[in-house]
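Everything below concerns the one structure shown next.
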Amino acid sequence: MDGVHDMGGMDGFGKVEAEPNEPPFHESWEGRVLAMQRSMGYAGTWHIDMARFAQERLPPQVYLAASYYQRWALAMETNVVERGYAGADELAAGHALRAGKAITRKLTPDVVKQGLTRGSFYRQAQGPARFKPGDRVRTKNIHPATHTRLPRYARGRVGVVELVHGCHAFPDSVAIDKGDDPQWLYTVVFESRELWGDDADPTLKVSIDAFEPYLEPA
Amino acid sequence: MADHDHDHHHDHGSELSETQLRVRALETVLTEKGYVDPAALDAIIETYETKVGPHNGSRVVAKAWSDPAFKQALLEDASKAVRTLGHESKVGDHLVAIENTPSTHNMIVCTLCSCYPWEVLGLPPVWYKSAPYRSRAVKDPRGVLADFGVKLPKETQIRVWDSTAETRFIVLPMRPAGTEGWSEERLAQLVTRDSMIGTGFAKKPDEVA
Numbered sequence: 001m002d003g004v005h006d007m008g009g010m011d012g013f014g015k016v017e018a019e020p021n022e023p024p025f026h027e028s029w030e031g032r033v034l035a036m037q038r039s040m041g042y043a044g045t046w047h048i049d050m051a052r053f054a055q056e057r058l059p060p061q062v063y064l065a066a067s068y069y070q071r072w073a074l075a076m077e078t079n080v081v082e083r084g085y086a087g088a089d090e091l092a093a094g095h096a097l098r099a100g101k102a103i104t105r106k107l108t109p110d111v112v113k114q115g116l117t118r119g120s121f122y123r124q125a126q127g128p129a130r131f132k133p134g135d136r137v138r139t140k141n142i143h144p145a146t147h148t149r150l151p152r153y154a155r156g157r158v159g160v161v162e163l164v165h166g167c168h169a170f171p172d173s174v175a176i177d178k179g180d181d182p183q184w185l186y187t188v189v190f191e192s193r194e195l196w197g198d199d200a201d202p203t204l205k206v207s208i209d210a211f212e213p214y215l216e217p218a
Numbered sequence: 001m002a003d004h005d006h007d008h009h010h011d012h013g014s015e016l017s018e019t020q021l022r023v024r025a026l027e028t029v030l031t032e033k034g035y036v037d038p039a040a041l042d043a044i045i046e047t048y049e050t051k052v053g054p055h056n057g058s059r060v061v062a063k064a065w066s067d068p069a070f071k072q073a074l075l076e077d078a079s080k081a082v083r084t085l086g087h088e089s090k091v092g093d094h095l096v097a098i099e100n101t102p103s104t105h106n107m108i109v110c111t112l113c114s115c116y117p118w119e120v121l122g123l124p125p126v127w128y129k130s131a132p133y134r135s136r137a138v139k140d141p142r143g144v145l146a147d148f149g150v151k152l153p154k155e156t157q158i159r160v161w162d163s164t165a166e167t168r169f170i171v172l173p174m175r176p177a178g179t180e181g182w183s184e185e186r187l188a189q190l191v192t193r194d195s196m197i198g199t200g201f202a203k204k205p206d207e208v209a
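Sequence order for the protein chains is A and B.
Residues in the first sequence are numbered consecutively from 1, following the working numbering.
Residues in the second sequence are numbered consecutively from 1, following the working numbering.
Structure follows, in structure tokens:
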């Protein structure tokens with residue numbers, strides 16, 4: 001979706017401000033949010049792209065005003081309710097009012113180490129890769145109303161395939177509960193002028209990781 | 001006394017932000033429903049506070065600087081190479097290492113959310129997740145570097161990697177001059193988090209004690 005989360009190339013957000021000796025968490029609730037998200041992921045409740053899509057659906061003014069972990073918490077509430085893990089009435093009450101739904105497995109202290117290992121996104125290829133390193137490709141000019149990982153600044157642009165990452169679960173499908181729909185994944189590199197016009201920094205190249213349905217031969 | 005108690009509870013309650021209250025409610029509900037275990041939440045938080053951090057990545061870089069065979073393996077398949085080091089946070093399948101050279105400087109970003117190589121760098125800093133970084137890194141990386149006090153020669157090529165899928169990138173910074181014969185442990189002291197994101201360089205020998 002063409003949301004405010006898709007920030008690449010936007011102006012006006014100001015300077016990057018680094019905080020010296022930044023702690024892992026600024027508030028204790030931030031750690032709780034992160035740990036709950038990891039636990040719910042381990043429990044097989046929803047996919048990371050469903051979490052991303054729930055954030056993207058926040059109203060722009062909410063998205064921009066919220067901190068990173070506030071966005072996570074809001075998106076988690078959305079997924080908990082939409083997927084039937086708890087009712088909005090229960091979140092409002094601060095207590096369970098009904099029994100829970102079955103989960104695949106539970107993240108308990110003895111399996112924390114395994115639980116924090118990233119899962120693999122590789123999937124069985126459904127056919128041969130359409131592109132190889134060195135191929136010129138054009139990204140499609142798509143504007144789905146749902147989740148996509150093709151950023152706006154890189155739509156309808158010509159680039160070169162640099163790396164082939166194998167076949168992966170396709171976020172555009174996963175996020176809307178349409179299954180993995182495995183797709184080949186490529187690093188595609190663009191000249192700055194192709195993205196930002198004649199005034200662009202001539203020393204710059206930018207790459208994205210693009211799923212095969214985003215690309216056509218150029 | 002009753003009034004005092006009442007006031008005390010009232011004051012205490014008003015100190016909790018709306019976010020704290022909502023997160024507490026969420027945790028209570030998810031716990032009562034049997035989905036999450038508060039003791040596991042504690043252990044996860046402890047892992048990210050004490051065990052997983054940029055020191056994991058520093059070790060990878062220091063080894064790559066010292067061991068040409070490891071460096072080659074890292075650049076060919078970073079997931080596989082890093083797994084041989086036995087980190088606390090085991091790496092998944094999708095780590096890619098990219099090498100800075102005198103002619104090309106690499107920087108990583110995630111414009112769409114805040115994808116970051118947690119497995120080797122720990123949790124991302126706030127600036128990495130912020131709108132200024134996410135918006136400008138792909139268009140004006142030299143301006144972003146200036147915000148960090150970093151200046152590249154004007155002829156240096158810049159490559160920005162936008163993490164738009166589940167691939168995660170780590171930059172292998174250039175080894176500083178004057179470190180010949182240093183041990184991996186000593187070299188690791190020079191490797192900063194920002195140097196592995198591409199918003200900084202490794203420290204020079206005279207910057208560490």
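Virtual Cβ for every residue (Gly too), placed ideally from N, Cα, C.
Remember, it's a predicted structure, so these values are computed and weren't measured experimentally.
Next item on the list: With 7 Å as the threshold, decide whether the Cβ of W65/B is near any Cβ in chain A.
Entry: At a cut-off of 7 Å between beta carbons, W65/B makes no contact with chain A.
Checklist line | Neighbouring residues, chain B, relative to A230/A (Cβ below 8 Å) | finding: The displayed coordinates of chain A run from 1 to 218. Any statement about residue 230/A would go beyond what the structure contains.
Margin query: In this structure, how does DSSP classify D3/B when only helix, strand and coil are distinguished?
Written below: Residue placement at D3/B cannot be trusted, given a pLDDT of 42 that sits under 50; the coordinates are not used to answer.
Item checked: Start-end ranges of the alpha helix (DSSP H) lying completely within the region 70-102 of chain B, minimum 4 residues -> 78-83
Check: Can we say the region 65-76 of chain B touches the region 135-146 of chain B, given the rule of at least three CB pairs closer than 8 Å?
Finding: no
Item checked: Contacts that E119/B makes with chain A (C-beta to C-beta distance below 7 Å) -> R118
Checklist line | Rounded separation between F211/B and K151/B - CA only | finding: As displayed, chain B neither begins before 1 nor continues past 209, which places residue 211/B out of reach and without an answer.
Notebook entry, point to check: What does A210/A pair with, by DSSP beta-bridge criteria?
Noted result: Under DSSP, the beta-bridge partners assigned to A210/A are Y186/A.
Item checked: Cutoff 6 Å; reference S58/B; Cβ partners in own chain excluding five residues on either side -> A188 and V191
Note to self: Between A43/A, M50/A, E30/A and Q61/A, which has its C-alpha nearest G3/A's C-alpha?
What the structure shows: Q61/A
Checklist line | Neighbour-count burial assignment, K113/A, 16 or more Cβ in a 10 Å radius | finding: exposed
Notebook entry, point to check: If we ignore side chains and look at the alpha-carbon of each, how far apart do A65/A and V29/B end up?
Noted result: Each residue's alpha carbon lies about 26 Å from the other.
Notebook entry, point to check: Using the beta-carbon of each residue, which ones in chain A are nearer than 8 Å to I197/B?
Noted result: Within chain A, no residue comes near I197/B; the closest Cβ sits about 11 Å away, beyond 8 Å.
Margin query: Cβ closer than 9 Å: which chain B residues qualify as neighbours of F53/A?
Written below: Residues of chain B passing the Cβ test: none, with the nearest at roughly 10 Å.
Next item on the list: Just grab the DSSP bridge partners of W161/B for me.
Entry: In the DSSP output, where bridge partners are listed per residue, W161/B has S207/A and I108/B.
Notebook entry, point to check: Is the CB of F173/A under 7 Å away from at least one CB in chain B?
Noted result: Correcting the residue identity first, residue 173/A is Ser in this sequence and not Phe. Closer than 7 Å to the CB of S173/A there is not a single CB belonging to chain B.
Margin query: Among the candidates I45/B, T164/B, T104/B and P176/B, whose CA atom is the shortest distance from the CA of V61/B?
Written below: P176/B
Check: If we count Cβ pairs, one from each stretch, closer than 8 Å, do we get three or more for the region 155-170 of chain B versus the region 91-109 of chain B?
Finding: yes
Checklist line | Own chain, CB closer than 7 Å to A2/B, minus 5 neighbours either side, in chain order | finding: Legend: pLDDT at A2/B = 40, less than 50; position of this residue unreliable, no value from coordinates given.
Check: What does E99/B reach in chain A if we use C-beta pairs closer than 9 Å?
Finding: The premise fails here: E99/B is roughly 14 Å from chain A at the closest Cβ pair, so nothing lies under 9 Å.
Next item on the list: Please name the residues in the region 42-60 of chain B whose beta-carbon is closer than 7 Å to at least one beta-carbon of chain A, in chain order.
Entry: A43, I44, I45, T47, Y48 and E49
Note to self: Could you check whether the Cβ of K162/B sits closer than 7 Å to any Cβ belonging to chain A?
What the structure shows: A small fix is needed here, since residue 162/B is Asp in this sequence, not Lys. So yes, D162/B belongs to the interface.
Notebook entry, point to check: Closest Cβ-Cβ distance between H12/B and chain A: below 7 Å?
Noted result: Confidence in H12/B is poor, its pLDDT being 48 and thus under 50, which makes the residue's placement unreliable; the coordinate value appears in the next sentence. Closer than 7 Å: no.
Check: Can you name the residues that DSSP bridges to R168/B?
Finding: L95/B
Check: Counting only beta-carbon atoms, is P68/B nearer than 7 Å to chain A?
Finding: no
Next item on the list: Can you say whether L97/A is buried or exposed, counting buried as having 16 or more other CB atoms within 10 angstroms of its CB?
Entry: Its Cβ having fewer than 16 others within 10 Å, L97/A is exposed.
Margin query: Can you confirm whether the region 197-214 of chain A touches the region 132-143 of chain A when touching is taken to mean that 3 or more C-beta pairs between the two stretches lie within less than 8 Å?
Written below: Under the 8 Å Cβ criterion, the region 132-143 of chain A counts as touching the region 197-214 of chain A, having at least three qualifying pairs.
Check: So, does the CB of A35/A fall closer than 7 Å to a CB anywhere in chain B?
Finding: Residue contact with chain B for A35/A: present (Cβ-Cβ distance below 7 Å to some residue of chain B).
Item checked: Straight-line gap, K101/A to V111/A (C-alpha atoms, nearest Å) -> Rounded to the nearest angstrom, the two C-alpha atoms are 21 Å apart.
Notebook entry, point to check: Can you list, in chain order, the residues of the region 85-112 of chain A whose Cβ is nearer than 7 Å to any Cβ on chain B?
Noted result: Listed in sequence order: Y85, A86, E90, L91, G94, H95, A96, G100, I103, K106, L107, T108, P109 and V112.
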